[in-house]
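Participant: Protein sequence lines correspond, in order, to chains E and X. Take 1 as the starting number for the first sequence in the working numbering and just add one per residue. Take 115 as the starting number for the second sequence in the working numbering and just add one per residue. In this text, a Cβ means the ideal position worked out from N, Cα and C, and glycines have one as well. For clarity, every value in this text was computed on a predicted model and none was experimentally measured. Dumping the structure here so I can ask a few things about it.
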Amino acid sequence: GAGVSQSPSNKVTEKGKDVELRCDPISGHTALYWYRQSLGQGLEFLIYFQGNSAPDKSGLPSDRFSAERTGGSVSTLTIQRTQQEDSAVYLCASSLVFGVDTQYFGPGTRLTVL
Amino acid sequence: KNEVEQSPQNLTAQEGEFITINCSYSVGISALHWLQQHPGGGIVSLFMLSSGKKKHGRLIATINIQEKHSSLHITASHPRDSAVYICAVRDDKIIFGKGTRLHILP
């Protein structure tokens with residue numbers, strides 16, 4: 001596709017449920033990034049992938065968060081047993097190579113945990 | 115841990131004014147990004163810098179590695195430049211500044 005796409009665009013869930021957020025990067029981009037922006041807050045870096053590998057998972061807020069990337073393309077961010085503080089906009093970006101290229105951002109997934 | 119400070123936090127200016135937004139960081143980095151977030155929430159990457167200066171249209175970004183400082187300049191500002199401008203630095207992680215909210219009055 002022409003840009004980074006994310007789905008769903010909005011997700012409302014009940015506390016304690018699991019959610020899965022999807023990111024489709026720009027074709028050919030080897031690096032993929034996940035960020036979070038809570039209401040009224042700045043951007044927070046969560047994790048990046050170079051290919052299918054995520055070298056550093058320490059940015060994930062808790063062990064309820066996990067991410068994977070398969071085939072060097074689509075990535076999913078999974079949040080287990082969601083909490084109200086997980087409510088945020090989750091943004092995905094991709095670039096040709098990690099760290100040396102412009103990142104292109106998706107529109108985000110707005111997650112609301114009731 | 116790298117600390118990223120942006121200034122000013124908020125800036126209101128008249129159309130046509132020259133705008134400068136500053137970003138300072140505390141630890142050596144491999145790259146610095148300037149991002150633009152419009153009121154609708156979409157984020158656009160404006161520049162990625164590791165040294166020197168880059169220009170794109172009315173936007174200019176500079177970085178001084180020794181002083182750990184970067185500036186984003188907007189020449190002949192326009193109301194459509196109204197947005198939040200975010201500085202992000204990369205060492206082993208990506209760390210964001212809190213953003214500068216720019217409002218250009220017609």
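#1: With H, G and I counted as helix, E and B as strand and the rest as coil, what does DSSP make of residue 181(X)?
#2: Taking contact to mean at least 3 C-beta pairs separated by less than 8 Å, is the stretch 3 to 13 of chain E in contact with the stretch 55 to 62 of chain E?
#3: At a CB distance below 9 Å, what residues from the stretch 203 to 218 of chain X approach chain E? Give them in sequence order.
#4: What did DSSP end up calling residue 80(E) once you bin it into helix, strand or coil?
#5: Since residue 124(X) is in the beta strand (DSSP E), which residue starts that stretch and which ends it?
#6: Indicate whether at least one CB of chain E lies closer than 7 Å to the CB of residue 157(X).
#7: In terms of alpha-carbon separation, which member of 44(E), 12(E), 26(E), 69(E) lies closest to residue 210(X)?
#8: Between which residues of its own chain and residue 38(E) is the CB-CB distance below 6 Å, once the five residues before and five after are set aside?
#9: Identify, in the order they occur along the chain, each residue of the same chain with its Cβ nearer than 7 Å to the Cβ of residue 203(X), setting aside the five sequence neighbours on each side.
#10: Measure from the alpha carbon of residue 17(E) to the alpha carbon of each residue in 84(E), 110(E), 90(E), 109(E), then state which is nearest.
#11: Could you pull the start and end residues of the beta strand (DSSP E) that residue 85(E) belongs to?
#12: Under 8 Å: do the stretch 71 to 84 of chain E and the stretch 13 to 32 of chain E share three or more Cβ pairs, one atom per stretch?
#13: Indicate the three-state DSSP secondary structure (helix, strand or coil) for residue 194(X) in the structure shown.
#14: So which of 82(E), 112(E), 113(E), 14(E) has the shortest CA-CA distance to residue 65(E)?
Facilitator: With the given structure in hand:
#1: coil
#2: no
#3: So the close ones are 204, 206, 207, 208, 209, 210, 211, 212, 213.
#4: Reduced to three states, the DSSP call for residue 80(E) is coil.
#5: 124 to 128
#6: yes
#7: 44(E)
#8: 88
#9: 116, 118, 139, 143, 146, 209
#10: Of the residues 84(E), 110(E), 90(E), 109(E), the one whose Cα lies closest to the Cα of residue 17(E) is 84(E).
#11: Premise fails: residue 85(E) is in no beta strand (DSSP E) and is neither H nor E.
#12: yes
#13: helix
#14: 82(E)
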